[in-house]
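Following: one structure in structure tokens, then a few remarks.
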Amino acid sequence: MSPQTETKTGVGFKAGVKDIPSNSSTWSSARGSRAAVAAESSTAYPLDLFEEGSVTNMFTSIVGNVFGFKALRALRLEDLRIPPAYTKTFQGPPHGIQVERDKLNKYGRPLLGCTIKPKLGYPLRITVEQFMNVYAVDLILPKMMRT
1 MSPQTETKTG VGFKAGVKDI PSNSSTWSSA RGSRAAVAAE SSTAYPLDLF
51 EEGSVTNMFT SIVGNVFGFK ALRALRLEDL RIPPAYTKTF QGPPHGIQVE
101 RDKLNKYGRP LLGCTIKPKL GYPLRITVEQ FMNVYAVDLI LPKMMRT
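Residue numbers (full-length UniProt numbering): 1 to 147.
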């Protein structure tokens, strides 16, 4: 079952895209800021779509590749509501931070990881620069996604 959304105000389902009124006080009145705001969207997903206890599955399903869409240049997630019954299925990490530090042999600093995604369409030169910048500051690359 796919999420229920609409493409224009008053068309389709109740949860979906709606126009932002010109007199809306929600958005900044700074010059040009309103031009970047096209619409606001709400999407509701049935819980049975998600694997119990998997934070990764939930976030991948909700926001995963949406933020990589070229047509959505100014997308931001402002609110996420997770039903308490679903949060109770999360068991937490299988082990603590010390096990991760031992595996990576990284001590005395925060552990911060990132993923470089060549599929976002950057030229090879830019992807290599991104990788070298990450390597230079000793960040952790949990995965290097292939195109």
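C-beta atoms are modelled at their ideal positions from N, C-alpha and C, and glycine is treated no differently. Predicted model, so just to flag it, every value in this text is computed and none were measured.
How would you call residue i, buried or exposed, if buried means at least 16 neighbouring beta carbons within 10 angstroms?
i	result
M58	buried
A67	According to the sequence provided, residue 67 is Phe. The question's Ala does not apply to it. Exposed, by the Cβ-count rule.
F69	exposed
F90	exposed
Closer than 6 Å by C-beta to residue i: which residues in its own chain qualify, once you throw out the five before and the five after it? Chain order, please.
i	result
R101	Y107
Once the 5 residues before and after residue i are set aside, which same chain residues still bring their CB inside 8 Å of it?
i	result
E52	Y86 and T89
E129	none
L112	L139 and I140
P110	none
L80	I62
Could you give the residue range of the alpha helix (DSSP H) that holds residue i?
i	result
T60	V55 to V63
D102	I97 to L104
A136	L124 to A136
A44	Counting along the chain, A44 falls outside any alpha helix (DSSP H), and DSSP gives it neither H nor E.
Y86	P84 to T87
Contact defined as beta carbons within less than 8 Å: I believe residue i pairs with residue j. What is the distance between those atoms, to the nearest angstrom?
i	j	result
L104	I82	Incorrect: roughly 29 Å between the Cβ atoms, too far for contact.
V137	I116	That pair is no contact at about 13 Å.
V55	L77	Not a contact, Cβ separation roughly 15 Å.
S61	F50	6 Å
Under 7 Å Cβ to Cβ from residue i, same chain only, skipping five residues before and after it: list those, please.
i	result
L47	P83 and Y86
F131	I116
Quick check on residue i - is its C-beta less than 9 Å from some C-beta in chain B?
i	result
T56	Here chain B cannot be found, since the structure has a single protein chain.
Quiz prompt | Sufficient close CB pairs (3 or more, under 8 Å) joining the region 83 to 98 to the region 113 to 126 | solution = no
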